[in-house]
Amino acid sequence: MSSGNLDFEQFRTFLEKSCGILLGSNKQYLVSSRLNKLMEQHGIKTLGELVQRVQGQPRGGLREQVVDAMTTNETLWFRDTYPFEVLKSRVLPEMIKASPGQRLRIWSAACSSGQEPYSLSMAIDEFERSNLGQLRAGIQIVATDLSGSMLNACKAGEYDSLAMGRGLSQERLQRYFDPKGPGRWAVKAPIKSRVEFRALNLLDSYASLGKFDIVFCRNVLIYFSAEVKKDILTRIHATLKPGGYLFLGASEALNGLPELYQMVQCSPGIIYKVK
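Quick note, in full-length UniProt numbering, the sequence shown goes up one by one and the last residue is 275.
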């Protein structure tokens, strides 16, 4: 094996141990494109040298920068549409009927740049507008990501025109955002106030998060090995209350674990109910 391939294998091992992401053996180009600038800034010549440097400073900022660079994924507002419609038309009415007057909690796992939790908050506002008084106890959204820089951006709740053009209708833009200068918008305070952002690696314990009625874990499990995916889904089940729901990405399926989750056809889309 050449030294370049050996370096890449070491990096693949490091990344999987750090955050669970399983890189394909053909992803050298992706790694180079995402890390070139960072390696230049730190005067690092090879991937092998990068891994050595990070392992020599396990709590240093470089490790977080590397993981940030490799886990930052583009996202959009109201991704795939149906999860947010199913939430409003089916899941919320069912939960309100089962537990009237009880505050509901939603977990947005691997929230990236914040579009998912803020979309959830907007969807909840839309539900409240057409179902006055039904959510008196309110809803809390806990949004987690392992990237510190991403979470800081999420908390600011400000987006440029490129981000705003991805899945957001003109009506929602006008209702839920304030202009913040040329080509920038900020999420309005009532939508932000429903969301709490926390740092969390999906490989770590979820105990500090508490219990949830609904979990959105969408478009992240595709990056993990089958074993890690099963472990995460088992531990998510432990955070869900009886009768709670799990939403996965449109291209993700829950293979196995029939003892934990029941598939629910929504046409369009599939969600999973806790057994």
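Just so it is clear, CB atoms sit at the ideal spot from N, CA and C, and this is done for glycine as well.
Keep in mind the model is a prediction, meaning the values are calculated, not measured.
For residue i, which beta-bridge partners are listed by DSSP?
{"i": "Arg105", "result": "Gln140"}
{"i": "Ile214", "result": "Ile106, Tyr245"}
{"i": "Glu240", "result": "Before going on, a small fix: residue 240 reads as Leu here, not Glu. Partner(s): Phe212."}
{"i": "Ile21", "result": "Phe224"}
{"i": "Val187", "result": "Phe177"}
{"i": "Asp7", "result": "None, per the DSSP bridge assignment."}
{"i": "Asp145", "result": "Ala199"}
Relative to the C-alpha of residue i, which candidate in the options has its C-alpha closest?
{"i": "Ser112", "options": "Pro190, Asn152, Lys97", "result": "Asn152"}
{"i": "Ala253", "options": "Ala226, Pro242, Arg235", "result": "Ala226"}
{"i": "Pro258", "options": "Leu38, Lys230, Lys241", "result": "Lys230"}
{"i": "Cys217", "options": "His237, Arg53, Pro182, Gln52", "result": "His237"}
{"i": "Tyr118", "options": "Met95, Ser89, Thr75", "result": "Thr75"}
{"i": "Leu38", "options": "Asn26, Lys27, Val51", "result": "Val51"}
To the nearest whole angstrom, what separates the beta carbons of residue i and residue j, a pair I think is in contact under 8 Å?
{"i": "Trp107", "j": "Thr239", "result": "7 Å"}
{"i": "Gly269", "j": "Val86", "result": "6 Å"}
{"i": "Lys192", "j": "Phe177", "result": "Actually they are not in contact, since the Cβ atoms of Lys192 and Phe177 sit about 11 Å apart, beyond 8 Å."}
{"i": "Ile141", "j": "Arg198", "result": "Actually they are not in contact, since the Cβ atoms of Ile141 and Arg198 sit about 11 Å apart, beyond 8 Å."}
{"i": "Ile222", "j": "Ser267", "result": "Contact doesn't hold; Cβ gap of about 23 Å is too wide."}
{"i": "Leu260", "j": "Lys275", "result": "6 Å"}
{"i": "Arg79", "j": "Glu116", "result": "7 Å"}
{"i": "Phe224", "j": "Gly20", "result": "5 Å"}
{"i": "Val31", "j": "Phe14", "result": "About 11 Å; that fails the 8 Å criterion."}
{"i": "Arg129", "j": "Met70", "result": "Actually they are not in contact, since the Cβ atoms of Arg129 and Met70 sit about 40 Å apart, beyond 8 Å."}
What are the boundary residues of the alpha helix (DSSP H) that residue i is part of?
{"i": "Ile124", "result": "115-130"}
{"i": "Lys275", "result": "From DSSP, Lys275 is part of no alpha helix (DSSP H); its letter is neither H nor E."}
{"i": "Gln262", "result": "Premise fails: Gln262 lies in the beta strand (DSSP E), 261-265, not in any alpha helix (DSSP H)."}
{"i": "Arg63", "result": "61-71"}
{"i": "Val54", "result": "47-56"}
{"i": "Lys97", "result": "92-98"}
{"i": "Leu30", "result": "28-41"}
Could you spell out where the beta strand (DSSP E) holding residue i opens and where it closes?
{"i": "Pro179", "result": "177-179"}
{"i": "Phe197", "result": "195-199"}
{"i": "Tyr159", "result": "158-160"}
Step through the CB atoms of chain C and report whether any lies within less than 9 Å of the CB of residue i.
{"i": "Gly244", "result": "Looking at the structure shown, chain C is missing, and only one protein chain is on hand."}
Practice item. Examine the Cβ distances between the stretch 212-220 and the stretch 144-163 and report whether three or more of them are shorter than 8 Å. Key: no
**Study point:** Sufficient close CB pairs (3 or more, under 8 Å) joining the stretch 137-151 to the stretch 51-71
**Key:** Judged by pairs of C-beta atoms under 8 Å, the stretch 137-151 touches the stretch 51-71, as three or more such pairs exist.
Review point. Below 8 Å, can you find three or more Cβ-Cβ pairs linking the stretch 84-104 to the stretch 127-136?
Key: yes
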